[in-house]
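Student: Mind having a look at this structure? Questions to follow.
In full-length UniProt numbering, the protein residues as written are 1 to 288.
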């Protein structure tokens, strides 16, 4: 057994041993917003020329945690659009200048207010994070990041999606209800509606009132993991109730879908959610 290990070591290329794995067709850069907040942007770039209309784009939050999963889901499924129905797209992950999957800064960027309930509990020995920066964060995405991306790549402005999970899902819903023109497709995974349910409900009612005279076509996917029904926040019930209210509207310009992933929890649901999000955002044959 020892000889076998030695032989394996002998054939290993010492010049390449220990190098970090990189993902082809990707790049990253740091950017500082007008509000003096720093973000790490991770790009997944199609390896084919853009169509005449430009590339669809998926903007997504928590890129430190899910960039690889999102980019590979798009890259693999869009290799044969004639078979998968998934077209090549630019993926734009918004993260932070850290090595860990999640940054405390997301509490500020993804929320409009402090939590309205006591469901949030910080870990012992950690500082209480800041809240309430969602408006400024959306302004950064819509007014600074999107123009930068559009200056570098040919983009289909009629096919731009935003994806978020948990607090990121809450941010997606807040964006939809307060600035629906910012994107065409909204994907809210396990949204933290409980964070400030009454505030979100008020924004929802104003959004609904504006739909009747709005010709802008919007698509929304809300998802949860089946096992999240055991969470004290009522995450599944809140998400289902919201989806049912929006589905009852029957608006031709507003397409809504709801999906509960069987036997998945708040974190384990992410790969399945990302796969479904890619199909929802990039399918050649989208719902009405």
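From the three backbone atoms N, C-alpha and C, an ideal C-beta is built for every residue, glycine too.
1. Go through its chain and collect everything with a Cβ distance to residue 277's Cβ below 6 Å, but skip five positions before and after it.
2. Is the segment 192-205 touching the segment 247-255, taking contact as three or more C-beta pairs under 8 Å?
3. Name the two residues that bound the continuous beta strand (DSSP E) containing residue 186.
4. Is the segment 203-214 close to the segment 133-140, with three or more CB pairs under 8 Å?
5. At the level of alpha carbons, what is the spacing between residue 110 and residue 175?
6. Check for me: the beta strand (DSSP E) holding residue 15 runs from which residue to which?
7. List, from N- to C-terminal side, the beta strand (DSSP E) runs of 3 residues or more that fit wholly inside the segment 239-274.
8. On a Cα-Cα basis, can you pick out the residue from 38, 193, 90 that is closest to residue 235?
9. Just to confirm, are residue 153 and residue 90 a CB contact at a threshold of 7 Å?
10. Identify every residue that forms a DSSP beta bridge with residue 90.
11. Rounded to the nearest angstrom, what separates residue 225 and residue 260 at their Cα positions?
12. Counting only runs of 3+ residues fully inside the segment 94-170, write out the beta strand (DSSP E) ranges in chain order.
13. Give a yes or no on contact between the segment 17-35 and the segment 63-76, applying the rule of three or more CB pairs nearer than 8 Å.
Tutor: Checking against the coordinates, here is how it stands:
1. As a working note, residue 277 is residue 277 in the chain shown. Same-chain partners within the cutoff: 163, 187.
2. no
3. In the chain shown, residue 186 corresponds to position 186, counting from 1. Residues 185-189.
4. no
5. Position 110 of the chain shown, counted from the start, is the residue given in the question as residue 110. Position 175 of the chain shown, counted from the start, is the residue given in the question as residue 175. C-alpha separation (whole angstroms): 10 Å.
6. Residue numbering aside, residue 15 sits at position 15 when the chain shown is read from its first letter. First-last for residue 15: undefined, no H or E at that position.
7. 254-261
8. Indexing the chain shown from 1 puts residue 235 at position 235. Of 38, 193, 90, the residue nearest in Cα terms is 193.
9. Residue mapping note: residue 153 aligns to position 153 of the chain shown, counting from 1. Residue mapping note: residue 90 aligns to position 90 of the chain shown, counting from 1. Closer than 7 Å, so yes.
10. Stepping through the chain shown from its first residue, residue 90 is reached at position 90. Bridge partners of residue 90: 57.
11. Position 225 of the chain shown, counting from 1, holds the residue named residue 225. Position 260 of the chain shown, counting from 1, holds the residue named residue 260. Between residue 225 and residue 260, the C-alpha separation is close to 5 Å.
12. 155-165
13. yes
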